[in-house]
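Asker:
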Amino acid sequence: MDNNYAIQVKDLCISYKCIQSFSIKKSLLQLKKSKVEVHEAVKNVSFNVKRGEIMGIIGKNGSGKSTMLRAIAGIFSADSGTIELESESVSLLSIGVGFQKKLTGRENIMLSGMLLGFSEQQVKEKMQEIIAFAEIGKFIDLPVKTYSSGMYSKLAFAITAILESDIMLIDEVLSVGDAKFKKKSYKKMKELISDSNRTVLIVSHSADTLKELCTSLLWLHEGELKMQGEPAEVLAAYEEFMS
Amino acid sequence: MKRFLNDVKKYWAYTKYSAKSGLKSEVASSRLSWLWWILDPLMFMMIYVFIAKVIGSSKLNYFEVFVFIGLSIWNFFNKTITDSVKIVSANSAIVSKVYIPKYMLILSTLMQYAFKMFISFSLVVIMMIVYRVPVTWNYLYFIPILLTLFLITFAISTIVAHLGVFIEDLKNVIQILLRLVFYLSGIFYSLESKLKLEPLLSYLLLKLNPSACLIQECRNVLLYNKGMDIKIVLAWFIVGLAFSALGIRTIYKYENSYVKVI
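Protein chains in written order, with the numbering used here: chain A, 944 to 1186; chain B, 583 to 844.
#1: Report yes if the C-beta distance between A/Lys1003 and A/Ala949 is below 8 Å; otherwise report no.
#2: Determine the contact status of B/Ile663 and B/Ile797, defining contact as a CB-CB distance below 8 Å.
#3: Return the first residue and the last residue of the alpha helix (DSSP H) that B/Thr597 is part of.
#4: Under the assumption that A/Phe1082 contacts A/Ala1101 (Cβ atoms under 8 Å), give the Cβ distance between them as a whole number of angstroms.
#5: Within 10 Å of its beta-carbon, does B/Val707 have 16 or more other beta-carbons around it, so buried, or fewer, so exposed?
#6: Using a C-beta to C-beta distance shorter than 8 Å, which residues of chain B count as neighbours of A/Leu1059?
#7: Can you check DSSP and say which residues form a bridge with A/Asn991?
#8: Is DSSP giving A/Met944 helix, strand or coil here?
#9: For B/Asn838, which residues in chain A fall below 7 Å Cβ to Cβ?
#10: Short of 8 Å in beta carbon distance, which residues of its chain neighbour B/Tyr721, apart from the five on each side in sequence? Order them along the chain.
#11: Whose Cβ in chain B lies nearer than 8 Å to the Cβ of A/Ser1062?
#12: Got a sec, what are the start and stop residues for the beta strand (DSSP E) B/His744 sits in?
#13: Over what stretch of residues does the beta strand (DSSP E) that includes A/Gly999 continue unbroken?
#14: Along the beta strand (DSSP E) that carries A/Gly1080, what are the first and last residues, could you check?
#15: To the nearest angstrom, how far is the alpha carbon of A/Ala1104 from that of A/Lys1133?
#16: Between the Cα of A/Gly1093 and the Cα atoms of A/Gln1065, A/Ala984 and A/Glu1078, which residue gives the shortest distance?
#17: Using a Cβ cut-off of 8 Å (strictly closer), state whether A/Tyr1090 contacts chain B.
#18: Which ranges does the beta strand (DSSP E) cover as unbroken runs of at least 3 residues, wholly within the segment 1095-1171 of chain A, from first to last along the chain?
#19: What are the boundary residues of the alpha helix (DSSP H) that B/Gly652 is part of?
#20: Starting from A/Ser1023, trace the beta strand (DSSP E) in both directions and tell me its first and last residue.
#21: Suppose the cutoff is 7 Å on Cβ atoms and the five residues either side in sequence are ignored; what does the same chain contact list for B/Leu653 look like?
#22: Within 8 Å of any Cβ in chain A, is that where the Cβ of B/Val715 sits?
#23: Determine whether the beta carbon atoms of B/Ala634 and B/Phe658 lie at a separation below 8 Å.
#24: Is the beta carbon of A/Glu1031 sitting closer than 8 Å to the one on A/Gly1060?
#25: Between which two residues does the alpha helix (DSSP H) carrying A/Gly1017 extend?
#26: Distance, Cα to Cα, B/Val636 vs B/Tyr771?
#27: In terms of alpha-carbon separation, which member of A/Ser1186, A/Leu1168 and A/Leu1106 lies closest to A/Val1066?
#28: For a minimum of 4 consecutive residues, which ranges assigned as the alpha helix (DSSP H) are wholly contained in the segment 771-802 of chain B?
#29: With respect to the alpha helix (DSSP H) encompassing B/Leu689, which residues constitute its N-terminal and C-terminal limits?
#30: With a threshold of 16 other CB atoms inside 10 Å of the CB of B/Pro792, please say whether the residue is buried or exposed.
#31: Note down, in chain order, every chain A residue with its Cβ under 9 Å from the Cβ of B/Tyr599.
#32: Just to confirm my understanding: we take B/Asp665, look at its own chain, exclude 5 residues before and 5 after, and list those with CB closer than 7 Å. What are they?
#33: From A/Ile1136 to B/Thr730, what does the alpha carbon distance come to, in whole angstroms?
#34: Are the segment 726-741 of chain B and the segment 824-834 of chain B touching by the rule of at least three beta carbon pairs closer than 8 Å?
#35: Excluding the 5 residues preceding and the 5 following A/Ala984 in the sequence, name in chain order all residues of the same chain whose CB lies nearer than 7 Å to its CB.
#36: Considering only heavy atoms of the ligand FAD, does any lie closer than 7 Å to the CB of A/Ile1074?
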């Protein structure tokens, strides 16, 4: 593997098919076999990302952007093709985070941290910082189900932002919360992204953000790689295509 | 195998913490909290003892303890498996955000129910003292029996957890099956005493059903001063190992597709 690349994706194909869940009742009642629908979300996509690079991904809804990020994070399996990462420390930040609703915010911080590959000790050390950043006050010791959606996303953001990983995958979440927190989180995100040791993939619909942050851009269209190159160049082509 | 050991090492702290906080939140959310872990089997024990007295089929020594041991083990076995069927979709929030070996979720559930079983076993100890059950060296057999129970429960759980992802109404089927197994496990009557009626059939029912077999062994060593049937417990231990390996293997092979289904 080439040392310069943090992420190498080769001929990646991901499809949703046959593995649809079925119920015994249904399959007994309707003897006729239902058609297996194959939906190819990502088709033959190859690209490399250098260490420290910030790559943006654009494309209209349903073009396979989130699916690809999940595959890179190791949550999805590729049907064919390979994904190679130089570091095991990968985190995916996306809308709606994985909290256990019955547990308190503090416990969820511990659990999320441990799932991201940090030890109990490491998370404990960062705990105060996360709580301070999240600004949710005494709610931290209440079950997450009592949180408002703003608090929920603020806490999630704080966890990913403070517990830094080598490769960050960002799915549409560059800032959360009210106007003040938005500013703060956007600033923090920019700070994280611009660290030269960190490799970042950003999915976003905001042309301005992408232009400001990214060093290169990837355009996915219906699962296929349409264009890759300088942000300004790709964005111009994309905007023309979409209008 | 190597991957399994590595993963267990890596996610052990998480599993333990998640089991602990699961128990804690249960305590926090219910008023009688942990008392339920004792009250639940205790009440059911009273019901079964009452029914057995009404029907007049309880000629066993220490019948109350007999039922209570059966119920404690059964609750663990039953609840772990029932919860495992839907464990992947129940944890979809985590599963769709970060990678975790899915059997670790089962392990965390298993730990929670094992803890509750230990609590109810502490009551067994109290009852044994009250009823003056003689203390013997046979108590030591309790440990291998318990290990076998964990292994078998884990093995069945991994397999139903995998199938449960793809078959939506598996839970209904499993619940019916488990109810059948419950009545066949001799929780509130002695399967052994029925041996005289249909020797071969009862023998098979007793030995081919892991919960019946392990519950009976457990009662024998704790209450009736008998040794353990080493051959049969060892056999179930090996079966448990084999099916755990199979279950873990299957989960490894398919777990990355789970998210696409749930």
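For each residue, glycine too, the CB sits at the ideal point set by N, CA and C. Predicted, not measured: the structure shown is a model, and the values here were computed from it.
Answerer: From the atom records:
#1: Start at 1 with the first residue of the first sequence, and residue 1003 of chain A comes out as number 60. Start at 1 with the first residue of the first sequence, and residue 949 of chain A comes out as number 6. In this structure, A/Ala949 does not lie closer than 8 Å to A/Lys1003 by Cβ.
#2: Stepping through the second sequence from its first residue, residue 663 of chain B is reached at position 81. Stepping through the second sequence from its first residue, residue 797 of chain B is reached at position 215. No; because the gap between Cβ atoms is not below 8 Å, this pair is not in contact.
#3: The residue you call residue 597 of chain B lines up with position 15 of the second sequence. Segment Lys584 to Ser611, the alpha helix (DSSP H) holding B/Thr597.
#4: Locating residue 1082 of chain A in the first sequence gives position 139, where the first residue counts as 1. Locating residue 1101 of chain A in the first sequence gives position 158, where the first residue counts as 1. Contact flag wrong, Cβ pair sits at about 13 Å.
#5: Along the second sequence, one-based indexing puts residue 707 of chain B at 125. Exposed is the call here.
#6: Translated into the one-based positions of the first sequence, residue 1059 of chain A becomes position 116. Simply Val680.
#7: Along the first sequence, read from residue 1 onward, the residue named residue 991 of chain A stands at position 48. Its beta-bridge partners are A/Gln951.
#8: Numbered from its first residue, the first sequence carries residue 944 of chain A at position 1. Here A/Met944 scores only 46 on pLDDT, less than 50, and its place in the model is too uncertain to base an answer on.
#9: Position 256 of the second sequence, counted from the start, is the residue given in the question as residue 838 of chain B. By Cβ distance, chain A contributes Phe1019 and Ser1020.
#10: Locating residue 721 of chain B in the second sequence gives position 139, counting from the first residue. Result list for B/Tyr721: Val803 and Leu804, in chain order.
#11: The count along the first sequence starts at 1 and reaches residue 1062 of chain A at position 119. The answer, in chain order, is Ala595.
#12: By one-based count along the second sequence, residue 744 of chain B stands at place 162. Per DSSP, B/His744 belongs to no beta strand (DSSP E); it is in the alpha helix (DSSP H), Phe724 to Phe748.
#13: Against the first sequence, residue 999 of chain A aligns to sequence position 56. Ile997 to Ile1001 is the span of the beta strand (DSSP E), which, as asked, contains A/Gly999.
#14: Locating residue 1080 of chain A in the first sequence gives position 137, where the first residue counts as 1. Counting along the chain, A/Gly1080 falls outside any beta strand (DSSP E), and DSSP gives it neither H nor E.
#15: The residue labelled residue 1104 of chain A in the question sits at position 161 within the first sequence. The residue labelled residue 1133 of chain A in the question sits at position 190 within the first sequence. Computed Cα separation, rounded: 10 Å.
#16: Locating residue 1093 of chain A in the first sequence gives position 150, where the first residue counts as 1. Residue A/Glu1078 is the option with its Cα nearest to A/Gly1093.
#17: In the first sequence, the residue the question calls residue 1090 of chain A occupies position 147. Taking Cβ atoms only, chain B never reaches closer than 8 Å to A/Tyr1090, which makes this a no.
#18: 1110-1114, 1142-1146 and 1159-1164
#19: Position 70 of the second sequence, counted from the first residue, corresponds to residue 652 of chain B. Run containing B/Gly652: Phe645 to Val667, per the alpha helix (DSSP H) assignment.
#20: Locating residue 1023 of chain A in the first sequence gives position 80, where the first residue counts as 1. Unbroken beta strand (DSSP E) run through A/Ser1023: Ser1023 to Leu1028.
#21: To locate residue 653 of chain B, count along the second sequence from 1; it is residue 71. Taken in chain order, the residues that qualify are Pro623, Phe626, Met627 and Ile769.
#22: As a working mapping, residue 715 of chain B is identified with position 133 in the second sequence. Cβ-Cβ to chain A under 8 Å: no for B/Val715.
#23: On the second sequence, residue 634 of chain B is found 52 positions in, with the first residue counted as 1. On the second sequence, residue 658 of chain B is found 76 positions in, with the first residue counted as 1. It is not a contact, given that the beta carbons lie outside the stated cut-off.
#24: Taking the first sequence and counting its residues from 1, one reaches residue 1031 of chain A at position 88. Taking the first sequence and counting its residues from 1, one reaches residue 1060 of chain A at position 117. Yes, the pair counts as a contact, with Cβ atoms nearer than the cut-off.
#25: Against the first sequence, residue 1017 of chain A aligns to sequence position 74. Premise fails: A/Gly1017 is in no alpha helix (DSSP H) and is neither H nor E.
#26: Counting from 1 along the second sequence, the entry for residue 636 of chain B is found at position 54. Counting from 1 along the second sequence, the entry for residue 771 of chain B is found at position 189. Approximately 13 Å between the Cα atoms of the pair.
#27: Start at 1 with the first residue of the first sequence, and residue 1066 of chain A comes out as number 123. Taking only the C-alpha atoms, the option nearest A/Val1066 is A/Leu1106.
#28: 781-790
#29: By 1-based counting over the second sequence, the position of residue 689 of chain B is 107. Counting along the chain, the alpha helix (DSSP H) containing B/Leu689 begins and ends at Lys684 to Val712.
#30: Numbered from its first residue, the second sequence carries residue 792 of chain B at position 210. B/Pro792 comes out buried.
#31: Translated into positions along the second sequence, residue 599 of chain B becomes position 17. Those are Glu1050, Met1053, Leu1054, Met1057 and Glu1063, listed as they occur along chain A.
#32: Numbered from its first residue, the second sequence carries residue 665 of chain B at position 83. Result list for B/Asp665: Thr691, in chain order.
#33: Locating residue 1136 of chain A in the first sequence gives position 193, where the first residue counts as 1. Locating residue 730 of chain B in the second sequence gives position 148, where the first residue counts as 1. The alpha-carbon atoms of A/Ile1136 and B/Thr730 are separated by roughly 51 Å.
#34: yes
#35: For the purposes of this step, residue 984 of chain A is taken as residue 41 along the first sequence, with counting starting at 1. Excluding sequence neighbours, A/Ala984 sits near Ile957, Ser958, Tyr959, Gly1007, Thr1010 and Gly1166.
#36: Inclusion of the ligand FAD in the displayed structure is not the case, the ligand content being empty and no account of it being possible.
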